[in-house]
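Residue 659 in my numbering sits at position 6 of the sequence shown; the count goes up by one each step and never skips.
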Amino acid sequence: MATNEIFSSHFTREAEQTTRSTTSCPECREDIIAANHETRCRECGLIVGEDYLDYGPEWFNSPENSSQRRTGTPLTAGRHDRGLSTEIGWQRDGRGNALPGRKRSQLNRLRREHRRSQWRTKRERNLGYGLGEVRRIVSALELPDSLCEQACLLFRRAQKEDLCQGRSLEGVAAASVYAVCRCNGLGRTLEEISQLATCSRSDLECAYSAMNTELEVPTTVPRPQNFLPRLATTLEVPDKIRHRALELATLAEDAGITSGRRPRGFAATCLYRASREFGYGLSQQEVADSANTSTATIRAHRDCLLEVLEDQK
Numbered sequence: 654m655a656t657n658e659i660f661s662s663h664f665t666r667e668a669e670q671t672t673r674s675t676t677s678c679p680e681c682r683e684d685i686i687a688a689n690h691e692t693r694c695r696e697c698g699l700i701v702g703e704d705y706l707d708y709g710p711e712w713f714n715s716p717e718n719s720s721q722r723r724t725g726t727p728l729t730a731g732r733h734d735r736g737l738s739t740e741i742g743w744q745r746d747g748r749g750n751a752l753p754g755r756k757r758s759q760l761n762r763l764r765r766e767h768r769r770s771q772w773r774t775k776r777e778r779n780l781g782y783g784l785g786e787v788r789r790i791v792s793a794l795e796l797p798d799s800l801c802e803q804a805c806l807l808f809r810r811a812q813k814e815d816l817c818q819g820r821s822l823e824g825v826a827a828a829s830v831y832a833v834c835r836c837n838g839l840g841r842t843l844e845e846i847s848q849l850a851t852c853s854r855s856d857l858e859c860a861y862s863a864m865n866t867e868l869e870v871p872t873t874v875p876r877p878q879n880f881l882p883r884l885a886t887t888l889e890v891p892d893k894i895r896h897r898a899l900e901l902a903t904l905a906e907d908a909g910i911t912s913g914r915r916p917r918g919f920a921a922t923c924l925y926r927a928s929r930e931f932g933y934g935l936s937q938q939e940v941a942d943s944a945n946t947s948t949a950t951i952r953a954h955r956d957c958l959l960e961v962l963e964d965q966k
């Protein structure tokens, strides 16, 4: 949900509240205008004012019970308690001052007791640990917060359907992230996620297979187009080669030659072919290493792509 749907703020320029009669520039005496969240001179560009005060209400509408709440942030699915837990500081107080040694020792004891009292049941403890793994993997993959929320909700569904029993919690957490990437058409492979997860690839595949079957996750078929941006960034190719590779991938998909082939390897082949057309000079070994495939695969996909291009001519 967008932030502006929850918080309704009304910002007003402090300069307009105090000096409304000021309509000319103090330097050149020309007219001033209000644009782009600032008040500036039309002639010389002098910024007259840019301060804002929020004169809106201190409450915001809660989307769950339609009540006007005065404090707290919106609830999140990334925490086992929906984000309502208490956090105890470490070495500084609320004003940023350093705490003495005796106070730090007291906070350490309070933090330990608070951590022990967080989990009411073993199921809730497993939920907190699993959601922490989901957030860690999402952060390592540099995915947006919206995908993190989706992955956490998927993990909650998996635990509710008892899919975590007999399986690794780390595997279910990694499988939730991989399933969300598949649903949103992101080019994230099992190899990338298994390297970041604290479980084996077999545990990840087992958990993903169970979630895909029991939860009926609406995953999409991987396409070469989904892997092109990441490979192009890794190889540092120009935009014209990236656009041409996208055209080749779309042409190959329409011809039906991408079916049954690894999309990541075919995307690398499209980049290799596009670089040859523009004389960029990418070698087969560089492209194969970036896609974690072999040069024989690149040459095989290249021959199929050349046949399609010949038929188009």
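Cβ atoms here follow ideal geometry from the backbone N, Cα and C, with glycine treated the same way.
Run the CB neighbour count on Ser928, radius 10 Å, all protein chains shown included, and call it buried at 16 or more, exposed below.
Burial call: buried.
Beta-carbon within less than 6 Å of Ala885's beta-carbon, same chain only, minus the 5 sequence neighbours each way: which residues are those?
Within the same chain, Ala885 has close Cβ partners Arg895.
Could you give the first and the last residue of the continuous beta strand (DSSP E) run that contains Glu691?
Here the beta strand (DSSP E) through Glu691 covers 691-694.
What are the start and end residues of the beta strand (DSSP E) that includes Ile741?
Counting along the chain, Ile741 falls outside any beta strand (DSSP E), and DSSP gives it neither H nor E.
What are the partner residues of Gly702, as DSSP defines its beta bridges?
For Gly702, which the question treats as bridged, DSSP gives the partners Thr692.
Between which two residues does the alpha helix (DSSP H) holding Ala863 run?
From DSSP, the alpha helix (DSSP H) with Ala863 extends over 854-867.
So who's on the other strand from Asp684, going by DSSP bridges?
Paired residue(s): Ser677.
Mind checking which residues open and close the alpha helix (DSSP H) that includes Tyr925?
That run of the alpha helix (DSSP H) goes 916-930.
So, does the segment 821-829 touch the segment 848-863, judging by three or more C-beta pairs under 8 Å?
A contact exists between the segment 821-829 and the segment 848-863.
Enumerate in chain order the residues of its own chain whose CB-to-CB distance from Ala908 is below 7 Å, with the five nearest sequence positions on each side excluded.
Val961, listed in sequence order.
What are the residues that DSSP puts in a beta bridge with Arg745?
Paired residues: Ala751.
Need the endpoints of the alpha helix (DSSP H) that Leu904 sits in, please.
Looking at the DSSP string, the run of the alpha helix (DSSP H) that includes Leu904 is 892-908.
Judging by CA-CA distance, which residue of Arg745, Gln818, Glu939 is the nearest neighbour of Ser758?
For the residues Arg745, Gln818, Glu939, the minimum Cα distance to Ser758 belongs to Arg745.
Using only the alpha-carbon positions, how far apart do Arg748 and Pro871 sit?
Each residue's alpha carbon lies about 48 Å from the other.
List, from N- to C-terminal side, the alpha helix (DSSP H) runs of 4 residues or more that fit wholly inside the segment 810-853.
822-836, 843-849, all fully within the segment 810-853.
Flag this pair as touching only if the segment 824-844 and the segment 785-798 have three or more C-beta atom pairs under 8 Å; answer yes or no.
With a cut-off of 8 Å, the segment 785-798 and the segment 824-844 count as touching, because enough Cβ pairs lie within range.
If we ignore side chains and look at the alpha-carbon of each, how far apart do Asn945 and Leu924 end up?
Between Asn945 and Leu924, the C-alpha separation is close to 14 Å.
Going by alpha carbons, who is nearest to Asp956 out of Ile910, Arg765, Val940?
Taking only the C-alpha atoms, the option nearest Asp956 is Ile910.
On a CA-only basis, which of Ala920, Asp856, Gly932, Tyr933 is nearest Arg952? Give me that one, please.
Of the candidates Ala920, Asp856, Gly932, Tyr933, the one whose C-alpha sits nearest the C-alpha of Arg952 is Ala920.
Can you tell me where the alpha helix (DSSP H) with Ala941 in it begins and where it stops?
Where Ala941 is concerned, the enclosing alpha helix (DSSP H) stretches over 937-944.
If you draw a straight line from the alpha carbon of Leu888 to that of Pro882, how long is it in whole angstroms?
Those two C-alpha atoms are separated by around 10 Å.
On the DSSP letters alone, give me the boundaries of the alpha helix (DSSP H) that Glu795 sits inside.
Glu795 -> no alpha helix (DSSP H), and no H or E assigned at all.
Going by other Cβ atoms of all chains shown within 10 Å of its Cβ, with 16 needed for buried, is Phe931 buried or exposed?
That one is exposed.
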